[in-house]
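Engineer: My questions will all concern the structure given below.
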Amino acid sequence: MSIALQNLSIEISGTRICQGLDLEFSTGQVWCVLGCNGVGKTTLLKTLAGLRPPNSGNVRLNGRPVQRVARRQRAQQLSILFQDSETLFPTTVLETVLTGRHPWINPLRGESAHDRDKAMAALERVGMAHLAERSMSSLSGGERRRVDLAAVFVQESECVLLDEPGNHLDMHHQVAVLGGMVQQWKSQGGLVILVMHDVNLALRFSDHLLLLFGDGEVEHGPAQAIATETTLTRLYRHRMMSLDAPQGRWYLPA
Amino acid sequence: MPKTATTFLLKISILGFIALAAFVLALTMGSVSIEWAQVLAGVRGEHLSVDYAVVVQLRLPRALNAFVVGGLLGLAGTLMQVLLRNPLADPYVLGVSGGAAVAALLAMMLGWHQGWVSLAAAGGALGSMALVFILSRGQGDWSTTRLLLTGVVLAAGWGAAVSFILVVSPDTHLRGMLFWLMGDVHESYPGGLRSGILAGALIIALISARILNVLTLGELRAQSLGVDTGLVRLGLFLVAGILTASAVTLAGAIGFVGLVVPHLVRIWGGSDHRFVIPASVLGGGSLLVLAEMFSRTLLAPIQLPVGVITAFVGVPLFLLLLRRSTAPVVR
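The listed protein sequences correspond, in order, to chains P and E. Heads up: the first sequence runs through residues 1410 to 1663, numbered per the working numbering. Heads up: the second sequence runs through residues 3 to 333, numbered per the working numbering.
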């Protein structure tokens, strides 16, 4: 399982996100993408998922250009959690999670009891099983987020891309639920790429960092080597200080 | 989905019974009371009576016509709401009926016969669809907003053209034109083409129902789940457009059914399209059969346009359900 970037350049409405980037994300790794607002983190994620063509270069999913992988097969190999979710008509929590099984269900058949069990197990995991029959529109922001996470979880893909997955989640759900899922994906040999704004949470979850500075400037590598006061200060255009605690090193804005 | 599947089947069966009951009402009620023994004798070919003629040549074809038109509109409305990502969309929002109306009224102004008027309406509807498709395509990108705005603007244009035609037409044609615009069903059997279109579209829609569920979560989310959204949206546009064109050429622009039936169905049974699609066909069909019956009986012997009745029946029904429902229809 790997996503390889070859000479990748991405621009969106005049903003250069990366230029001539060569990089390989491989199995068992957890990557975190960090950068200021509007630097193109989401656009990068969409490009990796094959939902947007790059300006030049290639994104390869397991060696094949991601946009040429058959859609259904791609959805079985790669899932993505978006920043926001929308519902057009009132749907229940369970129905929403079951949509995550779509790539695995025979197009001419409905979801089986097996799919339902998986969906309920995922809801159990995010602490939403008791609300399975509730309407999505009656949920709080954090609850919706947990349902969306469960929908990605039941997609059972080896590559998982998460755009600000911690949004709206309280501390417990950030660390235990989201962190637990990331650990499980990693230990099963999956590849996880997260976009996050919380540097400390990012360092807690990930082993590699990809920093987007804007203007196409990029740094990447093992998290411990990359995360320094100087680099993070340059990244956020705000002075960042480190604080050594028994649990590890923490970064705080000055 | 074992539990839900049973609920779906139960609710669809209930709608089936409602449809059947609507047909029984439509055949029994009217300005002439019917001796059923006479009708049965006619069916067996023993004795042809007035009762038999009224039921088999007048009421049954009108009811069947109404059912097919209602089913076409209910399904078209459901698909159009998904395509345009807008709960307020109805089959006419993209100007398909406007194009049909302009062509039909022009044909009436020229004094063409009814068959030719229908044919002209079909041409107008398909021409308007093609126009929306080409104009909204722009530079390759086919966004929902652009599609909706193109359709709405075009529909407004057709509306103006209709007013113009009404103003310049001789008085003798006006009544017929108004009935066409309000929508009415005729005493002819619906024919294989429309019934076939309804059946075909129903099968296609049922097969794609789970894809439509995914599409309502947003285009990107659907793509990330492996759906070819471009293809699905093109399919929705074509199927919904052809359904609308079939309904409009059969009965003019009957309002309200296509907007309200999908919502009624969702309030009652949820938003899963495996339920909403067949339920919209049965619900739309039943509603129009009843409306057709009322159009004959309410102010008998005056026959009202069916389109007026759908609004009379549909508006209070919808508002009542909306008040009682806990699930918001429009969030």
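C-beta: ideal position from N, C-alpha, C; glycine also.
#1: Tell me the start and end of each unbroken alpha helix (DSSP H) in the region 1551-1598 of chain P that is at least 4 residues and wholly inside, in chain order.
#2: Between the region 141-158 of chain E and the region 270-283 of chain E, do at least 3 Cβ pairs fall closer than 8 angstroms?
#3: Would you mind listing the beta strand (DSSP E) stretches within the region 1470-1545 of chain P that are 3+ residues and don't spill past its ends, in chain order?
#4: Can you name the residues of chain P whose CB is closer than 8 angstroms to the CB of residue 89 of chain E?
#5: Establish whether the CB of residue 1511 of chain P and some CB of chain E are separated by less than 8 angstroms.
#6: For residue 1574 of chain P, which of P:1412, P:1501, P:1554 has the nearest alpha-carbon?
#7: Give the residues of chain P in contact with residue 220 of chain E, contact being defined as C-beta atoms less than 9 angstroms apart.
#8: At 7 angstroms on the CB atoms, spell out the chain E contacts of residue 1517 of chain P, in chain order.
#9: Would you call residue 219 of chain E buried or exposed, if buried means 16 or more other Cβ atoms sit within 10 Å of its Cβ?
#10: Three Cβ pairs or more, each shorter than 8 angstroms: is that satisfied between the region 1506-1524 of chain P and the region 210-217 of chain E?
#11: Whose CA, out of P:1643, P:1642, P:1661, lies closest to the CA of residue 1651 of chain P?
#12: What would DSSP say about residue 144 of chain E, mapped onto helix, strand or coil?
#13: Ends of the alpha helix (DSSP H) at residue 1612 of chain P?
#14: Going by CA-CA distance only, name the one from E:116, E:152, E:226 that's closest to residue 135 of chain E.
#15: Say whether chain P places a C-beta atom closer than 8 angstroms to the C-beta of residue 326 of chain E.
#16: Taking 8 angstroms as the threshold (beta carbon to beta carbon), is residue 227 of chain E in contact with chain P?
#17: Out of E:78, E:22, E:253, which has the shortest C-alpha to C-alpha gap to residue 204 of chain E?
#18: Within 8 angstroms of any Cβ in chain P, is that where the Cβ of residue 92 of chain E sits?
#19: Closest by CA to residue 131 of chain E, which one among E:231, E:150, E:189?
#20: Report buried or exposed for residue 1561 of chain P, applying the criterion of at least 16 other Cβ atoms within 10 angstroms of its Cβ.
#21: With respect to the alpha helix (DSSP H) encompassing residue 101 of chain E, which residues constitute its N-terminal and C-terminal limits?
#22: Am I right that residue 1 of chain E and residue 69 of chain E are in contact with their C-beta atoms under 8 angstroms? What's the rounded C-beta distance?
#23: Please classify residue 67 of chain E: is it buried, with 16 or more other beta-carbons within 10 angstroms of its beta-carbon, or exposed?
#24: What's the gap between the Cα of residue 209 of chain E and the Cα of residue 84 of chain E?
#25: Straight-line CA distance for residue 95 of chain E to residue 1418 of chain P?
#26: Going by beta-carbon coordinates alone, are residue 75 of chain E and residue 1511 of chain P separated by less than 8 angstroms?
Structural biologist: With the given structure in hand:
#1: 1588-1596
#2: no
#3: Runs of the beta strand (DSSP E) inside the region 1470-1545 of chain P: 1487-1490.
#4: Looking up residue 89 of chain E in the second sequence gives position 87. Ordered by position in chain P, the residues that pass the 8 angstroms Cβ test against residue 89 of chain E are 1497, 1498.
#5: Within the first sequence, numbered from 1, the residue matching residue 1511 of chain P stands at position 102. Yes, residue 1511 of chain P lies at the interface with chain E (some Cβ there is under 8 angstroms from its Cβ).
#6: If you number the first sequence from 1, residue 1574 of chain P lands on position 165. If we check each option's Cα against that of residue 1574 of chain P, P:1554 comes out closest.
#7: By one-based count along the second sequence, residue 220 of chain E stands at place 218. Those are 1491, 1493, 1494, 1495, 1496, 1497, listed as they occur along chain P.
#8: The residue you call residue 1517 of chain P lines up with position 108 of the first sequence. The contacting residues are 209.
#9: In the second sequence, the residue the question calls residue 219 of chain E occupies position 217. So residue 219 of chain E ends up on the buried side.
#10: yes
#11: Position 242 of the first sequence holds residue 1651 of chain P. The closest CA to that of residue 1651 of chain P, considering only P:1643, P:1642, P:1661, is found on P:1661.
#12: Locating residue 144 of chain E in the second sequence gives position 142, where the first residue counts as 1. Residue state, collapsed to three classes: coil.
#13: As a working mapping, residue 1612 of chain P is identified with position 203 in the first sequence. That run of the alpha helix (DSSP H) goes 1608-1614.
#14: As a first step, residue 135 of chain E is located in the second sequence; it is residue number 133 there, counting from the start. Here the closest residue by C-alpha is E:152.
#15: Reading the second sequence from its first residue, position 324 is the one you call residue 326 of chain E. Residue 326 of chain E does not count as touching chain P.
#16: Residue 227 of chain E sits at position 225 when you count from the first residue of the second sequence. Cβ-Cβ to chain P under 8 angstroms: yes for residue 227 of chain E.
#17: Position 202 of the second sequence holds residue 204 of chain E. Closest in C-alpha terms to residue 204 of chain E, from the list E:78, E:22, E:253, comes E:78.
#18: If you number the second sequence from 1, residue 92 of chain E lands on position 90. Answer no: the Cβ-Cβ gap between residue 92 of chain E and chain P never drops below 8 angstroms.
#19: By one-based count along the second sequence, residue 131 of chain E stands at place 129. Out of E:231, E:150, E:189, E:150 has the C-alpha closest to the C-alpha of residue 131 of chain E.
#20: Against the first sequence, residue 1561 of chain P aligns to sequence position 152. By the 10 Å Cβ count, residue 1561 of chain P comes out buried.
#21: Taking the first residue of the second sequence as 1, we reach residue 101 of chain E at position 99. Element bounds for residue 101 of chain E: 98-111.
#22: Because chain E here runs from 3 to 333, residue 1 of chain E falls outside it and cannot be looked at.
#23: As a working mapping, residue 67 of chain E is identified with position 65 in the second sequence. That one is buried.
#24: Looking up residue 209 of chain E in the second sequence gives position 207. Looking up residue 84 of chain E in the second sequence gives position 82. Rounded to the nearest angstrom, the two C-alpha atoms are 15 angstroms apart.
#25: For the purposes of this step, residue 95 of chain E is identified with residue 93 of the second sequence, where counting begins at 1. For the purposes of this step, residue 1418 of chain P is identified with residue 9 of the first sequence, where counting begins at 1. Rounded to the nearest angstrom, the two C-alpha atoms are 41 angstroms apart.
#26: Numbered from its first residue, the second sequence carries residue 75 of chain E at position 73. Numbered from its first residue, the first sequence carries residue 1511 of chain P at position 102. No, the pair does not count as a contact, with Cβ atoms beyond the cut-off.
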